[in-house]
Amino acid sequence: MNLSDYFTEFPFIAILRGIQSHECVAVGETLVQVGFRCIEVPMNSPNAVDSIRLLANHLPSTCLVGAGTVMSETQVEQVYQAGGRLIVMPHADIAVIRAAKQRGMICTPGVATLTEAFSALAHGADALKLFPAESVPPSVLKAWRSVLPAATICLPVGGVQPLGMADYLRVGANGFGLGSNLYQAGDSVDQVNIKAQAYATAWRTQTR
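The opening residue of the sequence shown carries number 1 in UniProt numbering; numbering runs sequentially from there.
Structural data, given as structure tokens:
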């Protein structure tokens, strides 16, 4: 199982921070219809583990479901037992990375420096979450790319707008994590669909 397998046509991770369990399946299905294949529910969302379980059970097997804001090995196990196979972190805690990889999960730790990036990769990270994206702007990512292993998957996360993707793509970003610009707690399915379609349109336009 490789993250790139889910990024073939649409390299985005949808971040559903604050979503409620009773609405997560409808929102997830809408995102899948638009093209999303990776969805994470941050662990500081209400009943996050229940939402992850529902998404894992109801979305197609072609989707990768998991958790964000994972802070401990205990949470890794909770996500795994719920059927989640994606662990996304705001930091590069080696113990959490190791716990995820021991369970065969895909792990994307957050990094803001090259030291963190190389340490995360050395301990099994499948991709690097450049977080917050403002701390690793395109000019910095371009410099990172000159020293990172060529196959490293780099994902700016935080504040990325549809029309702001092009600058990152030009310097080697492989995809993006989309949070509040895609989903905010309380958004209706229609609102999520509109925002998701904006990213889909921008992606297809910028990669022609």
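Even glycine gets a Cβ: it sits at the ideal position worked out from N, Cα and C.
These figures come from a predicted structure and were not determined experimentally.
Close Cβ partners of residue i (< 7 Å) along its chain, the five nearest in sequence each way excluded
| i | result |
| --- | --- |
| LEU64 | TYR6, ARG37, CYS38, ARG85, LEU86 and ILE106 |
| ALA167 | What sits at residue 167 in the sequence shown is Asp, not Ala. Once the five neighbours on either side are set aside, the close Cβ partners of ASP167 are PRO138. |
Contacting residues, own chain, Cβ-Cβ under 8 Å from residue i (five flanking each side not counted)
| i | result |
| --- | --- |
| PRO132 | ALA112, VAL157, GLY158 and GLY159 |
| THR201 | PRO162 |
| SER119 | ALA92 and ILE94 |
| VAL140 | none |
| GLU29 | HIS58 and LEU59 |
| VAL192 | VAL27, THR30, LEU31, LEU182 and TYR183 |
Beta-carbon gap between residue i and residue j smaller than 7 Å
| i | j | result |
| --- | --- | --- |
| SER51 | SER21 | yes |
| ALA92 | THR108 | no |
| VAL79 | ALA95 | no |
| ALA14 | LEU31 | yes |
| LEU55 | CYS24 | yes |
| VAL27 | VAL189 | yes |
| ILE153 | HIS123 | no |
| GLU40 | VAL88 | yes |
| PRO162 | ALA196 | no |
| GLY177 | PRO11 | no |
| LEU148 | LYS129 | no |
| MET165 | GLN102 | no |
| ASN44 | THR8 | no |
| VAL104 | PRO90 | According to the sequence displayed, residue 104 carries Gly and not Val. Not in contact: GLY104 and PRO90 (Cβ atoms no closer than 7 Å). |
Cross-strand partners of residue i (DSSP beta bridge)
| i | result |
| --- | --- |
| ILE39 | ALA14 and VAL65 |
| CYS154 | LEU128 |
| ILE106 | LEU86 |
| PHE176 | PHE12 |
| VAL111 | LEU130 |
Buried/exposed call for residue i, threshold 16 Cβ in 10 Å
| i | result |
| --- | --- |
| ILE194 | exposed |
| PRO46 | exposed |
Selection from the options that minimises the alpha carbon distance to residue i
| i | options | result |
| --- | --- | --- |
| GLY18 | TRP144, GLU134, THR74 and SER180 | SER180 |
| LEU169 | ASN47, LYS142 and SER119 | LYS142 |
| GLY172 | GLN161, ALA200, VAL136 and VAL192 | VAL136 |
| LEU16 | THR207, GLN184 and TRP203 | GLN184 |
| THR74 | GLN33, GLY35 and ALA100 | ALA100 |
| TRP203 | VAL34, SER61 and LEU114 | VAL34 |
| ALA125 | ALA151, ARG145, TRP144 and GLN191 | ALA151 |
Close Cβ partners of residue i (< 6 Å) along its chain, the five nearest in sequence each way excluded
| i | result |
| --- | --- |
| GLU116 | ALA92 |
| ALA82 | VAL49, ILE52 and ARG53 |
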